[in-house]
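Shown next, in structure tokens, is the structure this report addresses.
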Amino acid sequence: MTESPFQIVRLSLGSQEPKWVIAVFAHNEARDIEAVLQSIQSAAAGAAIDIFVLSNGCLDDTHSRVSRCSASVPNLWLVDISVGDKVNAWNLFVHHVLPRRRFGQIEKFSFMDGDCVAAPSAITWLARALGENSNALAAGAMPLDMQQLYRFGPLPSRTQWVGVYTPLRWVAMQWIRRFRK
């Protein structure tokens with residue numbers, strides 16, 4: 140496999156080293172990316188997280204829209220990948236982008252599409268679900284993409300979101316470590 144060139148830019152700092160990492164796959168997501176990043180902040184429910192936007196082959200305004208979020212989204216990173224390919228973006232993230240010096244400190248990883256919004260408290264709910272089953276290597280739920288959000292109007296109440304509509308896919312450390320070897 141030949142990997143495409145990429146650049147990593149840290150856009151904002153947070154007050155602490157996060158133990159959770161979210162990778163957001165973004166290919167020409169300028170229209171929705173700001174709402175997506177804000178939804179992640181809400182879904183984290185105050186937990187410190189690193190957010191890596193994997194901009195793969197974007198030809199639109201995605202980069203500048205992500206940069207605009209740096210004032211309100213802590214621990215935000217932009218990974219500019221020249222090739223528009225989600226599998227390539229995944230591999231670059233897992234094998235090259237994740238900070239090796241902190242790899243053992245990161246407890247959970249999530250992968251999310253850049254056209255989906257995260258439900259309020261979704262991150263903590265999925266983390267809890269993963270923690271309640273020591274044999275689980277991953278947890279996930281059905282996504283609600285931005286097109287569905289526009290079509291169906293206002294967000295459902297918090298109780299309607301529980302474990303149903305969230306695009307986050309949590310992956311346990313043991314599973315990621317298998318790919319890093």
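Take the position in the sequence shown, starting the count at 1, then add 139; the result is the number in the working numbering.
Each residue gets a CB set at the ideal place from its N, CA and C atoms; glycine is no exception.
Cβ pair residue i, residue j closer than 9 angstroms
i: N167; j: L198; result: yes
i: A187; j: E156; result: yes
i: G196; j: I220; result: yes
i: L176; j: V205; result: yes
Residues sharing a beta bridge with residue i, DSSP
i: K225; result: DSSP, once it has assigned bridges, lists no residue as partnering K225.
i: S209; result: Paired residues: none, contrary to the question.
i: F145; result: I220
i: L215; result: I190
i: N272; result: Answer is none; N272 lacks a bridge partner.
i: N195; result: I220
C-alpha gap between residue i and residue j, whole angstroms
i: I172; j: F191; result: 12 angstroms
i: A210; j: V236; result: 23 angstroms
i: W264; j: A278; result: 10 angstroms
Counted within 10 angstroms of its Cβ, other Cβ atoms place residue i as buried (16 or more) or exposed
i: G185; result: exposed
i: S203; result: exposed
i: N227; result: buried
i: G253; result: buried
Backbone secondary structure at residue i - three-state DSSP
i: I351; result: A query on residue 351 cannot be resolved here, the shown segment of the chain reaching from 140 to 320 and no further.
i: A183; result: coil
i: L150; result: coil
i: L265; result: helix
i: E168; result: coil
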